[in-house]
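Undergrad:
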Amino acid sequence: MAGLPLSFAQPLLLMGLLTLPVLWWLLRVMPPRPRRIEFPPTRLLFDIKPREETPSRTPWWLTLLRLTAAALVILAAAGPIWNPQTAAGGSTAPLVILLDDGWSAASSWETRIKAADELIANADNDRRGIALVPLSEPARDITLMPGGTARVALRQLAPKPYSIERVETLAALDRFLKTTGDAELAWLSDGVDTGRGTEFLEALGKTVGDRTLTIYEGGASPALALVAAENAAAKMTVKVLRTTSGMAAGLVRAIDAKGSPIGEARYAFGPQDREAEAAFELPVELRNDISRLEIAGERSAGAVQLLDKRWRRRAIGVVTGATSDTAQPLLASTFYLTRALSPFADVRLGDRGAPQQVIAQFLDQRLPMIVLADVGTLSPEIRERLNAWIDQGGVLVRFAGPRLAQADDDLVPVKLRRGGRSLGGSLTWEKPQHMASFAADGPFAGLQVPKDVTVNRQVLAEPDAVLATKSWASLEDGTPLVTGEHRGKGIISLFHVGADSRWSDLPMSGSFVEMLRRLVDMSGYTQKPGAGVASEPTNVETVAPLRTLDGFGAFGPPPSTAKPMPADYRDRATADHPPGFYGAAEGPIAVNTLASADRIAALDTTSLRARRASYTNAEPRDLRGILLSSSLALFLIDAIVVAMLGAGLAALWRRRTATAALVLAMFLTVTSIAPAPLRAADNDDFAIKSVSQTRLAYVVTGNADVDSIVKSGMSGLTLFLAQRTALEAGDPVGIDPARDELAFFPLIYWPVVPGAPKPPQDAINRIDAYMKQGGTVVFDTRDAVEAPPGESGASQTAGMRTLRELLSSLDMPELEPVPREHVLTKTFYLLRDFPGRFNSGQTWVETLPREDDDEAASRPARGGDGVSPIIITSNDLAGAWAIRPDGQPMLPLTPGEPRQREFAFRAGVNIVMYTLTGNYKADQVHAPALIERLGQ
């Protein structure tokens with residue numbers, strides 16, 4: 008439509024709007040009014056108020072409502088599309104699209120691509136040439152393309168996983184604009200300034216000149232970034248950066264090298280905060296496994312922080328040979344070392360046992376770094392183990408002292424003189440020395456030399472040809488203070504002073520902490536030659552890319568443009584070194600999109616003379632859904648108004664009131680009468696009640712007769728237990744294995760109903776877990792008298808077949824009839840068999856392991872404390888236990904021996920005591936031997 012960013016898919020259907028006057032006239036047409044004839048008797052009817060009144064004419068507002076609804080339907084049928092203006096209409100100049108395609112554009116990349124595609128479509132409709140300029144590619148040729156070619160080139164672009172330098176593209180843009188002349192520019196900005204933003208804006212303003220420039224900013228999700236991950240003493244922290252303001256919060260996920268999640272940490276921004284912190288309070292072992300931190304829901308390389316061994320909080324073993332640690336702990340070397348190492352390492356003090364034993368213990372723990380403070384002579388075995396550990400990558404740091412000065416040890420980087428050197432003493436003419444320098448190729452390179460550190464005594468090194476290459480720190484007189492060398496894949500270093508303040512005040516300085524930090528950082532990264540190798544002092548190892556991140560933060564193979572980098576590379580990612588892991592797979596080096604000190608800021612474009620547009624305005628919107636919904640709502644209002652004017656609602660209410668009241672009354676009656684099933688597992692009160700008192704449980708079968716007998720039987724057994732034993736159990740509980748918690752009950756009685764359907768697999772799994780965790784289930788088929796004669800007759804009953812089908816899905820142990828010496832026969836009463844209503848059935852339990860059974864420990868289900876997880880019988884125990892409310896037995900016995908019911912109750916007592924007390928009765932076999940020893 009002219010003047011509006013509105014178009015229609017079927018504009019001819021708008022002709023239907025011309026029918027609205029006709030519709031108005033039809034709605035206003037009324038039938039001819041009837042003639043009025045004066046009839047005097049009708050005067051009596053005037054005072055009677057009619058129940059229903061019909062208006063003589065449709066109200067004008069109701070007619071307008073109907074016309075509006077009809078107009079909305081016609082407009083919706085025409086397919087209206089709100090298509091906002093993305094460029095100045097009517098221009099014939101070529102369109103140049105500047106596209107930010109760094110990591111900060113990745114989170115809203117699809118939005119930017121849609122905006123660029125819309126710009127290309129508008130320019131293509133106007134027959135204008137299009138130039139696409141990604142600001143990450145300064146060497147790319149800028150040429151005019153038709154719309155179709157520009158769309159293909161646009162779809163081939165992808166965000167880069169590093170920060171782009173927009174300034175470098177301006178030279179090519181300036182040459183193109185001078186050649187082309189008039190042009191219209193559109194800059195799809197990501198709104199992030201990672202550096203040199205002001206310089207780019209000033210140069211862009213000069214390059215554009217008087218040409219039209221439109222800047223797209225806002226309306227897209229702001230970029231977030233992660234920097235400065237630090238594995239501190241109690242937690243790992245990482246900073247979350249943003250460029251916008253307002254309250255916001257989110258999650259940072261921690262992932263290990265295999266892609267498995269380790270934990271999540273929440274971050275929250277205040278209204279004006281540009282930085283927030285997420286903290287992972289995890290054990291150090293878990294924190295050391297983290298190899299990737301990422302912001303949940305943020306798809307960009309900047310929202311990912313890769314971690315390698317440098318971020319691991321290493322466990323450092325400290326061993327001292329001094330004896331004053333306990334008497335004067337604040338003056339001991341372990342005190343200074345612990346204070347210096349604790350901010351960036353987990354210190355394990357070997358203050359228990361001899362140094363040889365402690366070193367062996369640390370080697371067994373495979374610590375990456377061990378510190379020996381004045382440890383002198385070592386045994387040949389320990390020296391051999393330490394040498395092998397260093398060759399494999401361990402870092403050994405030694406501090407001098409009286410013991411080391413008198414020892415003859417090869418676990419030092421240089422050969423030492425016997426005895427120590429005293430400075431400033433009464434028999435010497437030398438004064439205490441100050442530190443002079445750190446070696447340029449050593450691990451302490453770049454540290455500021457402290458001028459207040461003095462050395463009063465040191466262990467001297469024998470001069471030789473390679474001493475200078477092994478000196479990492481020196482005194483003013485040229486003697487080494489710290490020496491070191493690489494051995495195999497590891498490092499050995501020696502401080503020629505003690506770790507306490509007796510020989511030097513170095514342990515009390517801040518430089519001491521930084522020097523130890525550098526050494527800790529080297530643990531695990533000792534494969535490079537580095538300092539101390541005289542033959543190749545300038546050799547720098549390079550590592551090839553292993554796998555890199557794309558702009559969206561996903562791992563992939565390295566691009567063809569990725570180049571190997573130095574092993575000591577610590578800068579942010581670039582086009583030559585994209586973010587990812589470099590080096591060997593067992594010890595890769597991480598390169599991140601942003602360095603720890605990098606920060607991001609909002610890009611202020613107010614200095615440019617340009618039009619402003621939002622990404623949200625660039626997306627066309629289909630208005631058919633809104634119009635149809637509005638028309639439907641108007642028709643609904645019309646129906647309600649007509650019903651109210653015609654008193655239809657009142658009549659409907661009068662006719663349906665009685666029916667509705669009757670239905671409501673019936674519903675309330677049914678819901679109040681219908682019993683609500685009591686679910687044990689759904690009630691916390693039931694759980695508390697179950698664990699507060701021992702209770703026996705039985706499985707509810709759904710057969711009312713069986714469940715009634717079993718409930719009475721379990722109640723009878725509970726009463727018998729209270730009368731004959733010290734156990735005062737609570738009322739028995741009926742359970743459903745598929746739904747109820749089984750762990751509350753030590754014993755579950757399961758009456759097997761012939762032909763009953765097999766329980767669901769979930770119930771079988773719960774029963775299996777219950778038995779493996781120490782519970783006991785008594786399966787009773789209750790059909791001993793129905794078994795055919797013969798040895799295998801008991802297995803041919805209907806109940807046994809149902810039980811066999813049920814047990815087919817359980818991980819069952821091997822079973823055997825209860826042997827005469829089994830603990831079950833003597834846990835409370837001495838029994839030979841276990842009768843119930845019947846006494847002809849056998850009782851089966853888990854087979855006891857024999858002394859020569861090598862597979863006893865690998866059985867599929869072993870009861871807790873030697874208790875069989877399953878007991879099978881067919882004697883109908885619950886039927887014998889069942890008693891009526893008057894105390895009389897509920898069912899007769901077969902064959903009905905005089906004391907059969909008594910022995911049935913005793914069998915139940917033994918089973919309950921067996922499940923509760925385990926196999927302690929089995930120790931009775933040792934009673935004679937114990938008595939004999941006591942007699943001696």
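Using our numbering, you'd call the opening residue of the sequence shown number 8 and step up by one each time. C-beta: ideal position from N, C-alpha, C; glycine also. All values reported here derive from a predicted model rather than from experimental measurement.
1) Please determine, among A157, K213 and E191, the residue with the shortest C-alpha to C-alpha distance to L177.
2) Quick one: what does DSSP say N917 is sitting in, helix, strand or coil?
3) Are E224 and L102 close, meaning C-beta to C-beta below 8 angstroms?
4) Taking 8 angstroms as the cut-off, decide whether the C-beta atoms of A791 and S881 are in contact.
5) Report the three-state DSSP secondary structure of N710 (helix, strand or coil).
6) Whole-angstrom Cβ separation of A885 and Y756, contact assumed at under 8 angstroms?
7) Taking the continuous alpha helix (DSSP H) assigned at N394, which residues delimit it?
8) Where does the unbroken beta strand (DSSP E) through T880 begin, and where does it stop?
9) Which residue or residues does DSSP assign as beta-bridge partners of T244?
10) Buried or exposed for M572, going by 16 or more other Cβ atoms inside 10 Å?
11) Would you identify the three-state DSSP class for S331, choosing helix, strand or coil?
12) To the nearest angstrom, report how far apart L923 and E821 are at their CA atoms.
13) Beta carbon of L523, beta carbon of A347: below 8 angstroms?
14) For D181 and A580, I'd like the C-alpha separation in whole angstroms.
15) What separation, rounded to the nearest whole angstrom, lies between the Cα atoms of I680 and S638?
16) Per the contact definition of three or more C-beta pairs closer than 8 angstroms, is the segment 285 to 300 in contact with the segment 259 to 270?
17) Suppose you measure from the CA of G485 to the CA of R390; what does that come to, to the nearest Å?
18) Over what stretch of residues does the beta strand (DSSP E) that includes I222 continue unbroken?
19) Between the alpha carbons of G632 and A83, how many angstroms are there, rounded?
20) Classify W68 as buried or exposed, calling it buried when 16 or more other Cβ atoms lie within 10 Å of its own Cβ.
21) If contacts are defined as beta-carbon pairs under 8 angstroms, then V2 and G741 qualify, I think. What distance do you get, rounded to the angstrom?
22) Is G870 buried or exposed, if buried means 16 or more other CB atoms sit within 10 Å of its CB?
23) Do V419 and L501 have their CB atoms nearer than 8 angstroms?
24) Measure the alpha-carbon distance for E735 versus P824 and round it to whole angstroms.
25) Do the segment 308 to 327 and the segment 552 to 561 meet, that is, are 3 or more Cβ pairs less than 8 angstroms apart?
26) Which residues in the same chain as S719 place their Cβ atom closer than 7 angstroms to its Cβ, once the five residues preceding and following it in sequence are excluded?
27) Considering only their Cβ atoms, is the gap separating I877 from M819 smaller than 8 angstroms?
28) Give every residue of the same chain whose Cβ lies closer than 8 angstroms to the Cβ of F207, excluding the five residues on either side of it in the sequence, and list them in chain order.
29) Report all residues from its chain with a CB closer than 7 angstroms to the CB of G432; omit the five preceding and five following residues, and keep chain order.
30) When burial is assigned at 16 or more other CB atoms within 10 Å of the CB, is K438 buried or exposed?
31) Quick one: what's got a C-beta closer than 6 angstroms to V489's C-beta in the same chain, skipping five residues either side?
32) Tell me which same chain residues have a C-beta within less than 7 angstroms of the C-beta of V550, skipping the five on either side of it?
33) Among the residues of its own chain, which have a CB less than 8 angstroms from the CB of L635, if the five just before and after it don't count?
34) Under the rule that 16 or more other beta-carbon atoms within 10 Å means buried, what is G723, buried or exposed?
35) Cutting at 7 angstroms between CB atoms, please list the residues of its own chain near S530, excluding the five before and the five after it.
36) Could you check the C-alpha separation between L482 and Q465 for me, to the nearest Å?
TA: Per the coordinate set shown:
1) Taking the sequence shown and counting its residues from 1, the one referred to as residue 177 is at position 170. Nearest of A157, K213 and E191 to L177, Cα basis: K213.
2) Taking the sequence shown and counting its residues from 1, one reaches residue 917 at position 910. In the structure shown, N917 sits in a helix (DSSP, three-state: H, G or I).
3) For the purposes of this step, residue 224 is taken as residue 217 along the sequence shown, with counting starting at 1. For the purposes of this step, residue 102 is taken as residue 95 along the sequence shown, with counting starting at 1. No, the Cβ-Cβ distance between E224 and L102 is not below 8 angstroms.
4) The residue you call residue 791 lines up with position 784 of the sequence shown. The residue you call residue 881 lines up with position 874 of the sequence shown. Yes, these two residues count as a Cβ contact at 8 angstroms.
5) As a position in the sequence shown, residue 710 is number 703, starting the count at 1. The answer is coil: DSSP assigns N710 none of H, G, I, E or B.
6) The residue given as residue 885 occupies position 878 in the sequence shown. The residue given as residue 756 occupies position 749 in the sequence shown. With a Cβ gap of about 6 angstroms, A885 and Y756 count as contacting.
7) Here the question's residue 394 lines up with position 387 in the sequence shown. Start and end: P387 to D398.
8) By 1-based counting over the sequence shown, the position of residue 880 is 873. From DSSP, the beta strand (DSSP E) with T880 extends over I877 to T880.
9) Locating residue 244 in the sequence shown gives position 237, counting from the first residue. Per DSSP, E237 and A286.
10) As a first step, residue 572 must be located in the sequence shown, where it is residue number 565. That one is buried.
11) If you number the sequence shown from 1, residue 331 lands on position 324. In this predicted model, S331 has a pLDDT of only 46, less than 50, meaning its place in the structure is not dependable enough to derive any value.
12) For this step, residue 923 is matched to residue 916 along the sequence shown. For this step, residue 821 is matched to residue 814 along the sequence shown. Approximately 22 angstroms between the Cα atoms of the pair.
13) Stepping through the sequence shown from its first residue, residue 523 is reached at position 516. Stepping through the sequence shown from its first residue, residue 347 is reached at position 340. Result yes, Cβ atoms of L523 and A347 sit closer than 8 angstroms.
14) The residue given as residue 181 occupies position 174 in the sequence shown. The residue given as residue 580 occupies position 573 in the sequence shown. A580 has its alpha-carbon roughly 28 angstroms from the corresponding atom of D181.
15) Position 673 of the sequence shown, counting from 1, holds the residue named residue 680. Position 631 of the sequence shown, counting from 1, holds the residue named residue 638. Reliability fails at I680, whose pLDDT of 47 lies under 50, so the model's placement of it is uncertain and the value that follows must be treated cautiously. Straight-line Cα distance between these residues: approximately 47 angstroms.
16) yes
17) Translated into positions along the sequence shown, residue 485 becomes position 478. Translated into positions along the sequence shown, residue 390 becomes position 383. G485 and R390: Cα-Cα distance of roughly 30 angstroms.
18) The sequence position of residue 222 within the sequence shown is 215, counting from 1. Where I222 is concerned, the enclosing beta strand (DSSP E) stretches over T219 to Y223.
19) Counted from its first residue, the sequence shown places residue 632 at position 625. Counted from its first residue, the sequence shown places residue 83 at position 76. Distance between the alpha carbons of G632 and A83 is about 8 angstroms.
20) To locate residue 68, count along the sequence shown from 1; it is residue 61. Under this definition W68 is an exposed residue.
21) Outside the shown range of the chain (8 to 943) lies residue 2, about which nothing can therefore be said.
22) Numbered from its first residue, the sequence shown carries residue 870 at position 863. Confidence at G870 is low in this model, with a pLDDT of 40, below 50, so its placement is unreliable and the value that follows should be read with caution. G870 comes out buried.
23) Position 412 of the sequence shown, counting from 1, holds the residue named residue 419. Position 494 of the sequence shown, counting from 1, holds the residue named residue 501. In contact: V419 and L501 (Cβ atoms closer than 8 angstroms).
24) Here residue 735 is taken as the residue at index 728 of the sequence shown, counted from 1. Here residue 824 is taken as the residue at index 817 of the sequence shown, counted from 1. Each residue's Cα considered, the two are about 30 angstroms apart.
25) When C-beta atoms of the segment 308 to 327 are compared with those of the segment 552 to 561, three or more pairs fall below 8 angstroms, so the two segments count as touching.
26) Taking the first residue of the sequence shown as position 1, residue 719 is located at position 712. Same-chain partners within the cutoff: A889, I890 and M897.
27) For this step, residue 819 is matched to residue 812 along the sequence shown. For this step, residue 877 is matched to residue 870 along the sequence shown. Taking 8 angstroms as the cut-off, the Cβ atoms of M819 and I877 count as close.
28) The count along the sequence shown starts at 1 and reaches residue 207 at position 200. For F207, where only same-chain residues beyond five positions count, the Cβ hits under 8 angstroms are R173, V174 and L177.
29) The sequence position of residue 432 within the sequence shown is 425, counting from 1. Annotation note: pLDDT 47 at G432 (below 50); position unreliable, no value reported.
30) Here residue 438 corresponds to residue number 431 of the sequence shown, with the count starting at 1. With fewer than 16 other Cβ atoms within 10 Å, it is exposed.
31) By 1-based counting over the sequence shown, the position of residue 489 is 482. Once the five neighbours on either side are set aside, the close Cβ partners of V489 are W479, A480 and F502.
32) For the purposes of this step, residue 550 is taken as the residue at position 543 of the sequence shown. Cβ neighbours of V550 beyond the five flanking positions: P571, M572, A574, Y589, G590 and I596.
33) Position 628 of the sequence shown, counted from the start, is the residue given in the question as residue 635. The answer, listed in chain order, is L79, V80 and A83.
34) Translated into the one-based positions of the sequence shown, residue 723 becomes position 716. With a 10 Å radius around the Cβ and a threshold of 16 neighbouring Cβ atoms, G723 comes out buried.
35) Position 523 of the sequence shown, counted from the start, is the residue given in the question as residue 530. Counting only Cβ-Cβ distances below 7 angstroms, and skipping sequence neighbours, we find R321, P375, M376 and V402.
36) In the sequence shown, residue 482 corresponds to position 475, counting from 1. In the sequence shown, residue 465 corresponds to position 458, counting from 1. Taking the straight line from one Cα to the other gives about 11 angstroms.
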